[in-house]
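Contents: one structure, followed by commentary.
Numbering (the numbering used here), first residue to last: 25 to 108.
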């Protein structure tokens with residue numbers, strides 16, 4: 025089973041599409057894995073899937089308001105959709 029660590033490594037390398045596949049599997053197995061939800065939201069933002077990013081990141085920040093990376097990605101996705 026792939027791990028969030030593996031997905032984050034791919035994201036650092038710019039392989040967001042591959043990371044999304046891994047993160048989707050993880051979330052399918054555990055829909056409340058907040059780390060995976062945050063990461064897939066960031067990956068969606070980086071691949072221009074802004075509405076998906078907003079949905080994932082809103083779910084994440086409702087549960088953890090302390091992660092600045094989640095807030096930044098959410099802001100970028102909202103800006104790109106005109107949803108500020």
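Positions of the beta carbon are idealized from the N, C-alpha and C atoms, including for glycine.
Inset, instruction - Assign residue 25 to one of two classes, buried (16 or more other C-beta atoms within 10 Å of its C-beta) or exposed (fewer than that). - result: Locating residue 25 in the chain shown gives position 1, where the first residue counts as 1. Exposed, since its Cβ has fewer than 16 Cβ neighbours within 10 Å.
Inset, instruction - Return the chain-ordered list of same chain residues with a C-beta closer than 6 Å to the C-beta of residue 42, the five sequence neighbours on each side being excluded. - result: Counted from its first residue, the chain shown places residue 42 at position 18. Contacts found: 34.
Inset, instruction - Rounded to whole angstroms, what's the CA-CA distance from residue 55 to residue 37? Just pull it up for me. - result: Position 31 of the chain shown holds residue 55. Position 13 of the chain shown holds residue 37. Going by the C-alpha atoms only, they are around 25 Å apart.
Legend entry - C-beta contact flag for residue 64 and residue 52 at 9 Å: The residue given as residue 64 occupies position 40 in the chain shown. The residue given as residue 52 occupies position 28 in the chain shown. No.
Legend entry - Contact set for residue 76: own chain, Cβ-Cβ below 7 Å, skip 5 residues either direction: Working through the chain shown from its first residue, we reach residue 76 at position 52. Counting only Cβ-Cβ distances below 7 Å, and skipping sequence neighbours, we find 68.
Legend entry - Cβ neighbours of residue 30 in the same chain (closer than 7 Å, five flanking residues each side left out): Position 6 of the chain shown, counted from the start, is the residue given in the question as residue 30. The residues are 46.
Legend entry - Alpha-carbon spacing of residue 114 relative to residue 27, whole angstroms: In the structure as shown, the chain starts at 25 and stops at 108, and residue 114 therefore has no counterpart that could be examined.
Inset, instruction - Look at the alpha carbon of residue 97 and the alpha carbon of residue 80, and state the distance between them as a whole number of angstroms. - result: Within the chain shown, numbered from 1, the residue matching residue 97 stands at position 73. Within the chain shown, numbered from 1, the residue matching residue 80 stands at position 56. Between residue 97 and residue 80, the C-alpha separation is close to 10 Å.
Legend entry - Helix, strand or coil at residue 25 [DSSP, three-state]: For this step, residue 25 is matched to residue 1 along the chain shown. Note: residue 25 maps to coil in three-state DSSP.
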